[in-house]
Amino acid sequence: LAMALFNTKVKWVGYVLHVVLENGMALTTETSEVTLKGVEDKTVNKVFGPKIHGAIKECPICRRE
375 LAMALFNTKV
385 KWVGYVLHVV
395 LENGMALTTE
405 TSEVTLKGVE
415 DKTVNKVFGP
425 KIHGAIKECP
435 ICRRE
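Once you know that position 13 of the sequence shown is 387 in my numbering, the rest is easy, because the numbers rise by one and skip nothing.
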């Protein structure tokens, strides 16, 4: 999903997860949990469809962000 939503590359190197962003910057973590924010609405709609996109937009957490 990270690849589809944020145009990133995701790979494990040993026990470290590397998330490489479009600009070449890399995030690393020793767990599989990373939170990326800022995906465009049109991308969410393309990946998940209009029903899920609408539900996300109505979510109070999404509105606060």
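Glycine included, each C-beta is placed from N, C-alpha and C at the ideal position.
Give me the Cα-Cα distance between residue 382 and residue 431, rounded to the nearest whole angstrom. The sequence position of residue 382 within the sequence shown is 8, counting from 1. The sequence position of residue 431 within the sequence shown is 57, counting from 1. If you take the alpha carbons of residue 382 and residue 431, they lie about 23 Å apart.
Kindly indicate which three-state DSSP category residue 409 falls into: helix, strand or coil? In the sequence shown, the residue the question calls residue 409 occupies position 35. The answer is coil: DSSP assigns residue 409 none of H, G, I, E or B.
Within its chain, find whatever has a CB closer than 6 Å to the CB of residue 419; leave out the 5 residues flanking it on each side and keep chain order. The residue you call residue 419 lines up with position 45 of the sequence shown. For residue 419, where only same-chain residues beyond five positions count, the Cβ hits under 6 Å are 427.
Residues bridged to residue 383 [DSSP beta-bridge criterion]: Locating residue 383 in the sequence shown gives position 9, where the first residue counts as 1. Looking at the DSSP assignment, residue 383 forms a beta bridge with 394.
Spatially closest choice to residue 397 from 415, 389, 380, 411, by CA coordinates: As a working note, residue 397 is residue 23 in the sequence shown. Closest option to residue 397, Cα to Cα, is 380.
Tell whether a beta-carbon distance below 7 Å holds between residue 384 and residue 376. The residue given as residue 384 occupies position 10 in the sequence shown. The residue given as residue 376 occupies position 2 in the sequence shown. Their beta carbons are under 7 Å apart, which means residue 384 touches residue 376 by this criterion.
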